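Here the structure is laid out as structure tokens; the discussion comes afterwards.
Structure below.
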């Protein structure tokens, strides 16, 4: 399997947090330009990376039940947050297949990066029972908002996608059966 070490994330950006919030909006039209490795690194770090001794998003009981995947031009990668690396899990660009799974949303086909949030409900259910579903949805929101704000800080466009066939996405990205894809965020240059 191909493993890529990502550049160290930057902790100081070109715009303020407030400006990123002010500028944030959903973008569905993207340019054809690929993202840089630095941009991919920043987006994944903002999603589920580490800051000192924990991840950059809150998680109920620090269970962190998510796995982060990203579709790029040459394949699907799994983000290894503890080592800030990506591991190729599927060969080839799957944008077209994800487009069909996402009910023909053009932004999914045209995005140069689609980040997929997959959750292991059992990992949190053991501790929180019936409340675990709600907690994982909170965490997915934290992750997605971080991605969208980081995209704005990098002058990129993003859009969150909740309408898709979970089973098709699971097959496309080769998910383990204990994981369920619940959210996608498309990011590209605008």
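In our numbering, the protein residues as written are 94 to 283. By construction, the Cβ of each residue, glycine as well, lies at the ideal position given by its N, Cα and C atoms. Everything numeric in this text was worked out from a predicted model, so none of it was measured.
Test item: CB-CB of residue i and residue j under 7 Å
| i | j | result |
| --- | --- | --- |
| residue 275 | residue 140 | no |
| residue 200 | residue 279 | yes |
| residue 268 | residue 211 | yes |
| residue 94 | residue 180 | yes |
| residue 103 | residue 156 | no |
| residue 221 | residue 214 | no |
| residue 169 | residue 187 | yes |
| residue 137 | residue 172 | yes |
| residue 98 | residue 178 | yes |
Opening and closing residue of the alpha helix (DSSP H) in which residue i lies
| i | result |
| --- | --- |
| residue 115 | 110 to 116 |
| residue 135 | 130 to 141 |
| residue 263 | 259 to 265 |
| residue 189 | 188 to 194 |
Residue from the options whose Cα sits closest to the Cα of residue i
| i | options | result |
| --- | --- | --- |
| residue 144 | 174, 247 and 222 | 174 |
| residue 255 | 195, 199 and 221 | 195 |
| residue 161 | 118, 266 and 147 | 266 |
| residue 225 | 250, 114, 153 and 142 | 153 |
| residue 240 | 121, 165 and 113 | 113 |
| residue 182 | 272, 258, 96 and 283 | 96 |
| residue 142 | 169, 158 and 176 | 176 |
| residue 283 | 172, 119 and 231 | 119 |
| residue 117 | 137, 251 and 198 | 251 |
| residue 159 | 184, 150, 264 and 167 | 150 |
| residue 209 | 262, 230 and 101 | 262 |
| residue 257 | 230, 198, 115 and 248 | 198 |
| residue 281 | 101, 105 and 165 | 165 |
| residue 115 | 248, 270, 271 and 260 | 248 |
Bridge partner(s) assigned by DSSP for residue i
| i | result |
| --- | --- |
| residue 207 | 164 and 279 |
| residue 274 | 211 |
| residue 172 | 179 |
| residue 159 | 212 |
| residue 119 | 251 |
| residue 148 | 143 |
| residue 184 | 168 |
First through last residue of the beta strand (DSSP E) which encompasses residue i
| i | result |
| --- | --- |
| residue 251 | 249 to 254 |
| residue 229 | Residue 229 -> not in any beta strand (DSSP E); alpha helix (DSSP H) instead, spanning 225 to 246. |
| residue 96 | 96 to 98 |
7 Å Cβ cutoff, residue i in contact with chain B
| i | result |
| --- | --- |
| residue 200 | Considering every chain present, this structure includes no chain B. It has just one protein chain. |
* Count the C-beta pairs between the stretch 186 to 201 and the stretch 109 to 118 that are closer than 8 Å, then say yes if the count reaches three, no if not. => Segments in contact, no.
* **Meets three-Cβ-pair contact criterion under 8 Å: the stretch 127 to 140 and the stretch 239 to 250** => Verdict: yes, contact present.
* **Stretch-stretch touch, CB-based, cutoff 8 Å, three pairs: the stretch 198 to 208 with the stretch 117 to 125** => By the Cβ criterion, the stretch 198 to 208 is in contact with the stretch 117 to 125, since at least three pairs of Cβ atoms, one from each stretch, lie closer than 8 Å.
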